[in-house]
Structure formats: C-alpha cells, structure tokens
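> First the structure, then my questions, so here it is.
Protein chains: 2
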Amino acid sequence: MKRTSFTKDACPVARSVQSVGDWWSLLIVRDAFAGKRRFGEFQKSLGVAKNVLTVRLKKLVADGVLKLVPASDGSAYQEYALTENGCGLLLVIAALGEWGCGGSEVHLVDRKKGKSVRLVLRSEDGRTLAPDDVQLVPVSHAEPRSKRARQPAP
Amino acid sequence: MKRTSFTKDACPVARSVQSVGDWWSLLIVRDAFAGKRRFGEFQKSLGVAKNVLTVRLKKLVADGVLKLVPASDGSAYQEYALTENGCGLLLVIAALGEWGCGGSEVHLVDRKKGKSVRLVLRSEDGRTLAPDDVQLVPVSHAEPRSKRARQPAP
DNA sequence: CAATGTAGTTGCAAGATGAAACCGCATACA
DNA sequence: TGTATGCGGTTTCATCTTGCAACTACATTG
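Residue numbers (numbering that gives the first Met the number 0), protein chains in the order written: chain A, 0 to 153; chain B, 0 to 153.
Written out as structure tokens, the structure is:
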C-alpha cells in the first residue's frame, strides 16, 4: 500500500519523517556524516540492496539533504555530499546515537579536543533543562493526511 | 523481503533505527509525549491502520519504549505510557522537530515558563559546540548484518 | 437490555525491501 | 590498443510491509 504522506503535515516531526523516515535513509545520512561519498561506499558499508540505495539517494537529493558533486579524485564519477540543510540532521543522528547507547558509550566527540559531546536542552534564556521540564508545542492535525500524494483541496 | 536487522549492530544509531525505524513508530512516540495514551487516541490522531498500530505498539512495548498500564479513568481498559527508557527519545523527537522546522517555528517549550527550547551540543568540559566542531565516533561494521534475525556466529 | 464504544483481528491488495543477474560506461594496466 | 576490472546503476522476481475495511469480542452507557 502507498505510504501515508506527511509532506504537508502541520507537525515538523512528521515532515522530517517524510524525508528521512524510509528504511535506510537515516543510516545513509549517518554514513554521509562519517565521510562516505561514493555510491559504492554507501553500498558496502550499509550492505543495502543497490536498487534501494539508488532510490534512497535520489530522494535524499530531491529533498535537499544530499547533493551530487563531481568526484573528489578527478574521475568522471559523481559523489554524494551533505547539503547545508542535510548537515542539520546531525542533531537527529546524535540523538539517535545517544538513545541507542543507553547513556553508556561515547558516540560523538569534539573534533579538536577529542572530548565527548552530548546533546542538551537549552531554554532561550540560557538555562539547561531536563526532559521533564519541556513539552512539545501542540499542533493541529486538521490537515488531511494524504495517502497517494493526493493534491490538497483548493 | 525480510528487513535487515540492526539489533546487534555495533552502531547505536542503527540499534535505535531497529527499535523506532518502522514507519509510524516515531510518530507514535511523538504522540505519547503529547499525552496520547489509549489505542483509539493514537489511532485517531495518526490516522494509522489499526492492524499496523497494533503491531507497532506491541513492538514498542517489547523494546521497552512504552509500557501497558491500567487506564487512568478506572475502566478495565489499558493505556500505553512511555517508559523511562522511552522518555530518552525526547531528544530524537526534538531533533526531528527542529530539523523539520527549518529553524523557524517553535517546536519545544519550557513547561513552567513557556520559553522556547532548543537542542545544543555540549562538550564534557562545558563548552557549546557547533555541528562542524564534532564528529561521530567511528564504529566497526564487522558484525554481519542479519537478514532474518539470524543468530550470530559463535 | 440494546446501542454504542473500545481494542483489537482478519483477509486482501498495492507498495516496499532484498537478492542477484545484467548492463553500459569508466578506469587501469600490460 | 585491448582486456580485465571497477563503478553506478537497472531489471526481474520473491517476500515482507502498509493500508483498507469488514468483522469480533468485550466494555461501557443510558
């Protein structure tokens, strides 16, 4: 069945899921952060089917997460690189890493000093908050969920 | 085809994807943070097929993200509540929200003061870092990817 | 007690993922 | 220059996943 589309969803989480919620997409982004650039590099590190990888990379390019650039070794090939928008997904990858670690392993480090790095919640007035101190801003779900990229009613 | 399993993956991001990477799972977690507790509440707010929701809720319970508790209105029904482990996914939801906002909307607020809240990267020595200042800790992908929950070689 | 509500269960179809063979162009090397 | 290998896909087919809607059994309500 055609997946429900969240492209026009009022909720930004849903819109993000629309872009990177397909199986393999977040791991592709992770590998892009880890320096993978070539089709074959992604394919080997992930062990993903080539046809799926092709579709995924195309979508990530279309959604502005990755861009195609000339290969860095001067060959006629092309490489995939994170866009500025795509770089914003570092916090998502970092959060998933922290959660998957269960708080024990070090997943992220300072490039220069090698110190471990974590995510924290910060209020606009500068205070650091605990998860219990915050809440999601409610959004209206009145926008009908589109099943087949149906055009919105005029 | 049976989805590749990341249960035993060396990378914590992959392990997280194993738990919450199915279509709908992250939105269920989002709704749990938003206060949804009943099967019917999740079903209505998400517009998800009931059979899929059933399977998803079961998996989230099995993976320790949600727990089943007696209904808060004293009826014989049960409700789904985030576990302590599940509460750790707030950072994931927050990160997805920020990325989906493109930096413009307010997605998370301080419960008491109503101030907007954002995620920041903080080094263990207390400094706040920019995304370009950090890198993922490389992990070995030597663990074979399991296709059908295959048992690891001894 | 009948009607409605709730939390699923079931059957079926279209779409998604994985495996592997195939293809055409690019590169390397003798 | 010619052959072998590498690269980035494309194609076909099988199994799994998501969505739809009808059905079921228990709970609640008036």
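In this text, a Cβ means the ideal position worked out from N, Cα and C, and glycines have one as well.
(1) Closer than 8 Å by beta-carbon distance: list the chain A residues that pair up with E123/B, in chain order.
(2) Between which two residues does the beta strand (DSSP E) containing A80/A stretch?
(3) Measure the C-alpha to C-alpha separation of P143/A and A9/A and round it to an integer number of angstroms.
(4) Under three-state DSSP, which class holds R2/A?
(5) For a contact defined as C-beta to C-beta under 7 Å, what are the partners of G99/B on chain A?
(6) Under the DSSP definition of a beta bridge, which residues are partnered with R117/B?
(7) List the residues of chain B that F38/A touches, going by C-beta distances under 8 Å, in chain order.
(8) List, from N- to C-terminal side, the alpha helix (DSSP H) runs of 4 residues or more that fit wholly inside the stretch 16-45 of chain B.
(9) Which class does L88/A belong to by DSSP, given the choice of helix, strand or coil?
(10) Please find out if some non-hydrogen atom of the ligand HEM comes closer than 7 Å to the beta-carbon of K7/B.
(11) Using CA coordinates, which residue listed in L52/A, G85/A, V119/A, V12/A is at the minimum distance from G63/A?
(12) Identify the continuous alpha helix (DSSP H) that holds V60/B and give its terminal residues.
(13) Give the interface partners of L56/B over in chain A, defined as CB-CB distance under 9 Å, in chain order.
(14) Do the CB positions of L52/A and F38/A come within less than 8 Å of each other?
(15) What does the Cβ neighbour count give for D30/B, buried or exposed, with the cut at 16 atoms within 10 Å?
(16) Which residues of the stretch 59-90 of chain A have a Cβ closer than 7 Å to any Cβ of chain B? Give them in chain order.
(17) Which residues of chain A have a Cβ atom closer than 7 Å to the Cβ of F32/B, listed in chain order?
(18) When you compare only the Cα positions, how much space is there between K49/B and D21/B?
(19) Comparing C-alpha positions only, which one of D109/B, K112/B, K1/B, L120/B sits nearest to K114/A?
(20) Closer than 7 Å by beta-carbon distance: list the chain B residues that pair up with L52/A, in chain order.
(21) Are the beta-carbon atoms belonging to V12/A and G96/B less than 8 Å from one another?
(22) Please list the partners that I92/B has in chain A, where partner means a Cβ-to-Cβ separation under 9 Å.
(23) Determine the DSSP secondary structure at P69/A, reduced to helix, strand or coil.
(24) Going by C-alpha distance, which of S4/B, K43/B, K58/B is nearest S24/B?
(25) Considering only the alpha carbon of each residue, which of L89/A, A94/A, L56/A, R36/A lies closest to Y76/A?
(26) Please identify the residue among D131/A, A70/A, T82/A, V68/A whose C-alpha is closest to the C-alpha of D131/B.
(27) Does L67/B pass the burial test, meaning 16 or more other C-beta atoms within 10 Å, or should it be called exposed?
(28) Tell me, which residues are paired with L95/A by DSSP?
(29) Near V16/A, what residues of its chain come up, given a Cβ to Cβ distance below 7 Å and the 5 sequence neighbours on each side ignored?
(30) Considering only their Cβ atoms, is the gap separating H106/B from V28/A smaller than 8 Å?
(31) Inspect the beta-carbon positions of F41/A and L89/A and report whether they are closer than 8 Å.
The answer reads as follows:
(1) K114, S115, V116, R117
(2) 77-81
(3) Any reading at P143/A must be qualified, since the residue scores a pLDDT of 47, below 50, and its modelled position is unreliable; no value is offered.
(4) coil
(5) The contacting residues are P11, V12, R14, S15.
(6) R121/A
(7) Correct list: empty, because the minimum Cβ distance to chain B is about 17 Å.
(8) Taking only runs of at least 4 residues, the alpha helix (DSSP H) segments lying wholly in the stretch 16-45 of chain B are 24-32, 38-45.
(9) Coil.
(10) For the structure depicted, the ligand HEM is absent and the ligand set is empty, with no information on it obtainable.
(11) G85/A
(12) 49-61
(13) In chain order: nothing, as chain A lies at least about 17 Å away.
(14) With respect to F38/A, L52/A sits close: the two C-beta atoms are nearer than 8 Å.
(15) Counting Cβ neighbours within 10 Å, D30/B comes out buried, since at least 16 surround it.
(16) C86, G87, L88, L89, L90
(17) The answer, in chain order, is L135.
(18) 15 Å
(19) L120/B
(20) The contacting residues do not exist; L52/A stays about 12 Å from chain B at best.
(21) yes
(22) Chain order gives the chain A residues near I92/B as V12, A94, L135, where near means a beta carbon separation below 9 Å.
(23) strand
(24) K58/B
(25) Nearest C-alpha to Y76/A: R36/A.
(26) Closest by alpha carbon: T82/A.
(27) exposed
(28) L95/A is not bridged to any residue.
(29) Closer than 7 Å at the Cβ level, and outside the excluded window around V16/A, lie F5.
(30) Cβ atoms of V28/A and H106/B: not closer than 8 Å.
(31) no
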